[in-house]
Each structure stands twice: as structure tokens, then as C-alpha cells.
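Student: Under my numbering, the first residue of the sequence shown carries the number 1, and numbering increases by one thereafter.
Mind looking over this structure? Questions follow.
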Amino acid sequence: MASSTGNGILNGLVARSSSGPGNSLQNGASLSSFSSADQARNGLVDTEFLIVGAGPAGASLACFLGSYGLKGLMISAAPGTANTPRAHITNMAAMECLRDIGLDEELEALSSKGNCMVHTRWCHSMAGEEYARIHSWGNSPSRKGDYENASPCSPVDLPQTLLEPALVRRAILKGFKTRFNTSFLSFEREAESGSIIATVRDDISNSEYQVRTKYLFGADGARSKIVKQLDLPLSVKPGQGVAINVLVRADLSHLVEHRRGNLHWVMQPDKEHPEFGWMGIVRMVKPWHEWMFILFPNRDCDHNIQPSREAYLSRVRDFIGDDTPAEILDVSKWFINEIVAEQYSQGNVFCLGDAVHRHPPMNGLGSNTCIQDAFNLAWKVAYVHHGLASPSLLDSYSIERQPVGRSIITRANQAFRDHFNVWNALGTLPEKVEDRQKVLNTLSDATPEGRKQRRAFQDAITQTSHEFHGLGVEMGQVYTGPGIYNEQEQQPYVRSGAAAKDDVLYYSPSTYPGCRVPHVWLNKAIPTAPTSTIDLTGHGEFTIFTGVGGNGWKQAAEAVATQLGVSINVHSIGFRQDWEDVYFEWENVRGVDESGAILVRPDRFVAWRSQSQPDNETCKLNLLEVMKSILGHRT
């Protein structure tokens, strides 16, 4: 095994051939800090990493940074973790990030699984007539294989009220001091040192103090003060109104046996409705006794309307449809936005999560994108902080994640607009109840008009599969920029298979540089528990996959690791190699010859690939050039 050279910060960074995944970045890491005398002299709280916001973006970033042995301070103006279950769908891409730090099993245990997420429904009420249903979140018999082949993880329903405490607890255990009831006010940069001086306020004592930090992270949500002070340009499209969340305790277990699902659209076109609750969604929070009733007001409804508790409860009972007792726990409003920042960072200030992308919850992309923002950013910050990469590597964060943010706000808003076709087909749009009733009744008419209406309704429901089975938009991100090396590729990236026709619905795994490394189950020649390629990558380290005839890559990795001080794991896959390709699935997706190489970054995205193994010296020179380019060392 080669030892690290040229970097006194980290010891034990090595290239290992087919060794188990670990996080050697923590071994021997020493954190520089301001001296206590300096701190007392300046009256400052000193930290190297200040995270503003302790939601899914900020708390997951603290967890990921903590996995590299980095410690810092996380503050939040909120009195504690989320008190309402806002986000809930946690997709496979986000679960893979959390799997990297060993949080996946704990979160899966807290979540509701696929048997609670089988369908999305459209109905007159929870107890009443059902208009339609669709399989969702990987539960369609025709899509289960797609989901199982895409990831070792499964999508789960994990309310934000359960996700945030787990993230914050892990962050604290990893060394991030956390302060709630603490508001960020402003920041300024020190000209000489480049450090940031942030002014914050303890909202309990109403006292202000300053925090000096090397890095500032704005995960402070849709009203981000950091984004505002940076004056980051925002792409803002007209919003689609307001919605009202009514959190309810009601035991609906007697209704769900034959109505199993976590989302139930309720529409009553044959009835008058209050202006604050034209239609809505009954969303499962805790099976089957806690629910979120999401109400959509009339288009012309005053956004400042304040219905009474009794009015809300009456509408909740309408949506339930029988005499089940119900108790309102909380009421809140949110705006249906379509906003994305044009850039996510400026100098040593980085913004992530809802601070830079704001959209409706359709497709369940919100907290998932927050977590993936953090995962992309954390390894780059750690490598730069430890002296393993040039600060220019940090520029790739915005270059890679901003297009993802733009795509997800577009998709989420399009998914919301797609529901208008459902509403129109069910007759919910006309103002007068008699006109709505007429449209609804047309659906059962044995007439050309009825046939046309039924076809429109079926097409509208089918179109929502892009929301409830949008595997492509969840897993199919492709990065470009300096953090990816694709100069040796003969052709630009083109999606293949079903994804070539519909990249929202379908995901086609690829090893093209910039793609997520494909998941394939591997095993040993003497079989043990199967291991995913996902678990052989990540954990703070670079990884090379090769095969029969690719031994030169192991030697090259050892030499480059020694020269750059960066750990590079090497795994050979194939007959009598380190890992057996038991189902021949790796051969189908690897995209290179057996002796070729696929270099995977710590965030499990393919950085580069070589179609075959050249001579040993060329292997080393090629790998060295690529690694220097990715880490920003190449001049």
C-alpha cells in the first residue's frame, strides 16, 4: 500500500486494491483553529464552518462535513426542528447520499415504506366515490424492476418532522455545535484574511454577537438573507398561488384497507365549496392517524384570508366524508413558487436548498434536492480545506448543481400544471355548481361527448405518472464542467434506452463522465451477501472500477495517490477478480472494455473513463492528468 506524501494534514491516504469502503480522510486530520487568546481579544466566536439553517439542506451538510472530520457551528432562527411534516417523499438518490454516512437504516426504520405508498388517488372524499388511482413511487408492476435496478435503496415516506431530528442529532455527534432561536442578521468579509464576520442574534436574550468563519453556508430557506445580501440573481416566473396546510389527527384506518396510498386528491365538483378550500389533497403523515389536508383556495381568493378553526374543521370533515372524529393540530400557508438562483455561490459563501430553488412539492423533489446539494458540496469543501484540491474545485458546485435546480423547479411546476387537465376533466373548473355537475355527469354518458371526456380524463391521469414515477428526473442528473473530465470521449452524452424518449419517466444508467455511477449487485467467487457498486464508491474517496487485464490501473492508482495524497480505491470486476459480475449486469453498463477504467468521485458521479488499459506508464500519466484536472491542480 502506498502512503500519502506531500500533505501533512492527512495521513494514511492510500490507494487500496479491493479493500472495504471507509473514510480515510478523517485519519490523522487536524483542524486549524483560531487561538483562544485571539478569540478573547476580538470578542468573536470562531469557527471554520458556519451553516445558517438546520433544515434538510443545512443539517445534511453538517452531517456530510462531519463525516470528513470537520467541525463547525450550525444556527437556525427556528425554535427547534420542523414542527410540521412539510417534505416527506425521500427518493433513492437522496437515500444513497445518506447511505454514504450510514444514516439510511435509521431513517428507513423511521419511515413509512412502499406498502403505504402504493397509490395516488382521486376521489370525492376519503370515504366516498373514487374517480381514479395510479400506482406511485415504484409500486407499479410495470416499473418495479426499473426502481430495483436503479439503486440499492428504496423510496420512502419520511416526514420532515422525523428527518430533521435524525440529521441534527448526527451533526451534533459529529462535532457541529447547533444553536436554535438564533437569527442570522448580516455578514462582512475581512479584507486581509478573507474570513467572514457574521452578525447573529440570540432570539431568547435578544443579544447580538459575531461569528468569524472561513466558510459561510446559506441553507436559510426561501427567505434567505444570505442570498439577498449576496444579491444573487434569481430567475423568477409567476407563481401559481397559495396553498394551506392543515395538520389533522384522525384515525382513518377503517378507510385505507382498499384505498391504500399516501396521496389522495379530493374534488367535489357537485358541491359548493368555501373560497379557501376549492379542492385539496389528503396526505398521509403517520399511517393512518395523522394527515396533512392541503387546501387550494379559489384563484381570486385573498391570500390573507383567515378562516376560523371551525371553518377549517368543517372542510376537513367534508374531505373525510364520514363522521370520523378529527382534531386540527396546526395550520400554515405556503406559496407555489417557480424561482431558481442563477448562481449558488460567491467566493467562500455557498447557498443551497430552498434558498436557491423554490417550487411546489410535486415529484417530491424538494428535500431530496437539498440533500443532494449538500452531498455535492461537502466533499469539495473537505478536499479544499484539507489541502487536497485547489479552491477552484469549489466553483464546480454551482456549475453542477444550478442546472439541476433549474430542471427540478421546471418539472415540479409542470407537474402542478398537469393536474389542471384532471381538474378540467372532472368538472372542477366552472364557477357554477350546475355547470360542474354537468361536466362530471358527462363522464358516464354513452355519447361521443362522454367518450371524448373519458379519454381526456384517462390521458390526464396517465400523464401524472411523470410525477409519481419520475425516476428519470430523480436519478438521471448529468454534470458538466471542471469537476468532470470528458475530453477523451468521442461523442457528447446522449441518453439511451427508454430515457432517450422520456427522460422524466425513465433512467438509463451510464458510465459516461458526469453520470451517476450505475448500481449493480456484485458478489465474491465464494458467495456472501451481495454488495452494490454504490457501496464500493463514495465514503470520501475516489474509486476506480476495472476488470480482467486492468492490473495496471492498480499500480497507477497507488502512484497517483502517493503523489497527490488522495485515496483512490481500485476494484476489479469480472471472472476470478476482486468482485464477480454474477448477473453480467456490470458488463452491460460499464461502457468500456474489460481492461478499461471508470473513475468515480467521492459523491459517486463518474469523473472520467478510459476505454482500455494502455501501458503502465501511460496509465499513470493519464490518471495523474485527470486527477489534477478534477482537483484543480492542472495549470
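From the three backbone atoms N, C-alpha and C, an ideal C-beta is built for every residue, glycine too.
Have a look at the DSSP bridge pairing and note the partners of Ile339.
Tutor: DSSP output for Ile339 lists Val236 and Arg358 as bridge partner(s).
Student: Which residues in the same chain as Leu631 place their Cβ atom closer than 8 Å to its Cβ, once the five residues preceding and following it in sequence are excluded?
Tutor: Correct list, in chain order: Tyr383, Leu388, Ala389, Ser390, Leu393, Leu564 and Val566.
Student: Quick one: Cα of Phe375 to Cα of Gln402, how far?
Tutor: Approximately 14 Å, taken between the alpha carbons.
Student: Hey, Lys524 and Trp608: beta-carbon distance below 9 Å or not?
Tutor: The answer is no: Cβ separation not under 9 Å.
Student: Since Glu208 sits in a beta bridge, which residues does DSSP pair it with?
Tutor: Beta-bridge pairing links Glu208 to Arg201.
Student: Give every residue of the same chain whose Cβ lies closer than 8 Å to the Cβ of Ser111, excluding the five residues on either side of it in the sequence, and list them in chain order.
Tutor: Closer than 8 Å at Cβ, skipping near neighbours: Thr90, Val156, Asp157, Leu158 and Leu162.
Student: Using the Cα positions of Arg576 and Pro152, report the straight-line distance between them to the nearest angstrom.
Tutor: If I take the Cα positions, the gap works out to 24 Å.
Student: Nearest to Arg259 by alpha carbon, out of Gly80, Leu313, Gly366 and Met126?
Tutor: The shortest C-alpha separation from Arg259 is found at Met126.
Student: According to the Cβ coordinates, are Asn262 and His88 closer than 9 Å?
Tutor: Yes, the pair counts as a contact, with Cβ atoms nearer than the cut-off.
Student: Is Phe420 buried or exposed, if buried means 16 or more other CB atoms sit within 10 Å of its CB?
Tutor: With fewer than 16 Cβ atoms within 10 Å of its Cβ, Phe420 is classed as exposed.
Student: Going along the chain, which residues of its own chain have a beta-carbon closer than 7 Å to the beta-carbon of Asp593, five neighbours each way excluded?
Tutor: Closer than 7 Å at Cβ, skipping near neighbours: Gln611 and Ser612.
Student: Just to confirm, is the Cβ distance from Val118 to Leu247 under 9 Å?
Tutor: No, Cβ-Cβ distance for Val118 and Leu247 is not below 9 Å.
Student: Could you check what DSSP says for Thr324 in three-state terms: helix, strand or coil?
Tutor: Coil at Thr324, not helix or strand.
Student: When you compare only the Cα positions, how much space is there between Cys515 and Ser308?
Tutor: Going from the Cα of Cys515 to the Cα of Ser308 covers about 51 Å.
Student: Could you tell me how far apart the beta carbons of Gly239 and Ile226 are, in whole angstroms, since I believe they sit closer than 8 Å?
Tutor: Contact flag wrong, Cβ pair sits at about 22 Å.
Student: I'd like the span of the alpha helix (DSSP H) that includes Gly218, first residue to last.
Tutor: Careful: Gly218 lies outside any alpha helix (DSSP H), inside the beta strand (DSSP E) at Tyr215 to Gly218.
Student: Using the C-alpha atoms, what's the distance from Ile568 back to Asn7?
Tutor: At Asn7, the pLDDT of 32 sits below 50, so the modelled position is not reliable; the number obtained from the coordinates is stated separately. Each residue's Cα considered, the two are about 15 Å apart.
Student: By Cβ distance, which residues of its chain are closer than 7 Å to Glu129, with the 5 residues on each side in sequence left out?
Tutor: Hits under 7 Å: Cys123.
Student: For Lys113, collect the residues of the same chain with a Cβ closer than 7 Å to its Cβ; drop the 5 residues on either side in sequence, then sort them by chain order.
Tutor: Here the set comprises Val156.
Student: Report the residue ranges of all beta strand (DSSP E) runs contained in full by the stretch 65-152; include only those spanning at least 3 residues, in chain order.
Tutor: Runs found: 72-75, 119-123 and 130-135.
Student: Which full runs of the alpha helix (DSSP H) of 4+ residues lie inside the stretch 219-275, going along the chain?
Tutor: Qualifying alpha helix (DSSP H) stretches, in chain order: 225-230 and 253-256.
Student: Could you give the distance in angstroms between the alpha-carbon of Cys619 and the alpha-carbon of Cys370?
Tutor: Those two C-alpha atoms are separated by around 37 Å.
Student: Evaluate Val494 with the Cβ neighbour count: other Cβ atoms within 10 Å of its Cβ, from every protein chain shown; 16 or more gives buried, anything less gives exposed.
Tutor: Exposed, by the Cβ-count rule.
Student: Look up Phe584 in the DSSP assignment and say whether it is helix, strand or coil.
Tutor: Three-state result, Phe584: coil.
Student: Assess, as a yes-or-no matter, whether the stretch 421-434 is touched by the stretch 452-463 under the definition of 3 or more beta carbon pairs within less than 8 Å.
Tutor: Touching, yes, given that three or more Cβ pairs across the two stretches are closer than 8 Å.
Student: Let's test the definition: count the other Cβ atoms within 10 Å of the Cβ of Asn115 and tell me whether it reaches 16, buried, or not, exposed.
Tutor: When all chains shown are included, Asn115 counts as exposed.
Student: Taking the alpha carbon of Pro297 as the point to measure from, which residue in Trp288, Glu290, Glu272 and Ile244 has its own alpha carbon closest?
Tutor: With distances taken between Cα atoms, Pro297 lies closest to Ile244.
Student: Less than 8 Å between the CB atoms is what I'm expecting for Val381 and Leu65, so what's the real figure, rounded?
Tutor: Right, their Cβ atoms sit about 7 Å apart.
Student: Just checking my contact of Ala62 with Asp220 at CB under 8 Å: how many whole Å lie between their CB atoms?
Tutor: Wrong, their Cβ atoms sit about 14 Å apart, outside the cutoff.
Student: Which term fits Ser338, buried or exposed, when burial requires 16 or more other beta carbons within 10 angstroms of its beta carbon?
Tutor: Checking the displayed sequence, the identity of residue 338 turns out to be Glu instead of Ser. Buried: at least 16 other Cβ atoms inside 10 Å.
Student: What does DSSP give as the partner residues of Ala597 in its beta bridges?
Tutor: Partner(s): Ser610.
Student: Would you call Asp615 buried or exposed, if buried means 16 or more other Cβ atoms sit within 10 Å of its Cβ?
Tutor: With fewer than 16 Cβ atoms within 10 Å of its Cβ, Asp615 is classed as exposed.
Student: Using three-state DSSP, classify Gly280 as helix, strand or coil.
Tutor: In the structure shown, Gly280 sits in a strand (DSSP, three-state: E or B).
Student: In the DSSP assignment, what residue or residues form a beta bridge with Gly538?
Tutor: DSSP, once it has assigned bridges, lists Glu541 as partnering Gly538.
Student: Considering only C-alpha positions, which residue in the set His264, Gln268, His289 and Asp270 is nearest to Val282?
Tutor: Checking every option, the nearest Cα to that of Val282 belongs to His264.
Student: Tell me the DSSP secondary structure of Trp553 in three-state form.
Tutor: In the structure shown, Trp553 sits in a helix (DSSP, three-state: H, G or I).
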